[in-house]
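Since the structure comes first, as structure tokens, the remarks are kept for the end.
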Amino acid sequence: MTIQKRIPLAHSAVFPSGAYLKGGIEPVLDFNSPIGPDGVRPQAVEKESGLPLWQATVLDADPDAAKRDTAVTVKFLSKTQPVVPANKTPFPWTPIEFAGLTALPYIDETGSRPRIAWSFRADGILAPGSAADKGAA
3 MTIQKRIPLA HSAVFPSGAY LKGGIEPVLD FNSPIGPDGV RPQAVEKESG LPLWQATVLD
63 ADPDAAKRDT AVTVKFLSKT QPVVPANKTP FPWTPIEFAG LTALPYIDET GSRPRIAWSF
123 RADGILAPGS AADKGAA
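Take any residue in the sequence shown, note its place counting from 1, add 2, and you have its number in our numbering.
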């Protein structure tokens, strides 16, 4: 059996109580590259595909989530900035679902003791109920 580097997951498995976008989707800055002549840091690109990286801060609505796990970052690979679904609620956070959600485990050694943490990536961002879970594990 071969376990791939990134593990495909259904949106509902990661965010069973729902997820909300906090703010918008922004470019991931490449802190390993020098600042350009215009004073702007370049956008990071994924090494394998050469596609630009984008990121979103997502609020996990799980009432049992630990404080440090209530806000997670989800990244996207896309030539263009992913489009956020319209927020049809009176709240500042947009309810969302992810298509093609994957997770990569890693060891987070920033706290008092190491723990397993997750790096999330998605193919797309959708309004809830847009069938984001189809085809996911």
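Even glycine gets a Cβ: it sits at the ideal position worked out from N, Cα and C.
Query raised in the report: Buried or exposed: which applies to V60, given that a residue is buried once 16 or more other Cβ atoms fall within 10 Å of its Cβ?
Result: Residue 60 sits at position 58 when you count from the first residue of the sequence shown. Classification for V60: buried.
Query raised in the report: How should L106 be labelled, buried or exposed, when 16 other C-beta atoms within 10 angstroms of its C-beta is the threshold for buried?
Result: By 1-based counting over the sequence shown, the position of residue 106 is 104. Flag for L106 reads exposed.
Query raised in the report: Mind checking whether I98 and L11 have CB atoms under 8 Å apart?
Result: Walking along the sequence shown from the start, residue 98 turns up at place 96. Walking along the sequence shown from the start, residue 11 turns up at place 9. 8 Å or more divides the Cβ of I98 from the Cβ of L11.
Query - S80 beta carbon less than 8 Å from that of W95 - result: Within the sequence shown, the letter at position 93 stands for residue 95. Within the sequence shown, the letter at position 78 stands for residue 80. Their beta carbons are not under 8 Å apart, which means W95 does not touch S80 by this criterion.
Query raised in the report: When you compare only the Cα positions, how much space is there between V16 and Q45?
Result: Reading the sequence shown from its first residue, position 14 is the one you call residue 16. Reading the sequence shown from its first residue, position 43 is the one you call residue 45. One alpha carbon belongs to V16, the other to Q45, and they sit about 27 Å apart.
Query raised in the report: Cα separation between R43 and E28?
Result: Your numbering for residue 43 matches position 41 in the sequence shown. Your numbering for residue 28 matches position 26 in the sequence shown. A straight-line Cα-Cα distance of about 13 Å links R43 and E28.
Query - Coarse secondary structure for G137, derived from DSSP in three states - result: Looking up residue 137 in the sequence shown gives position 135. Confidence is the limiting factor: at G137 the pLDDT is only 48, short of 50, which leaves the residue's position unreliable, though a coordinate-based value still follows. Coil.
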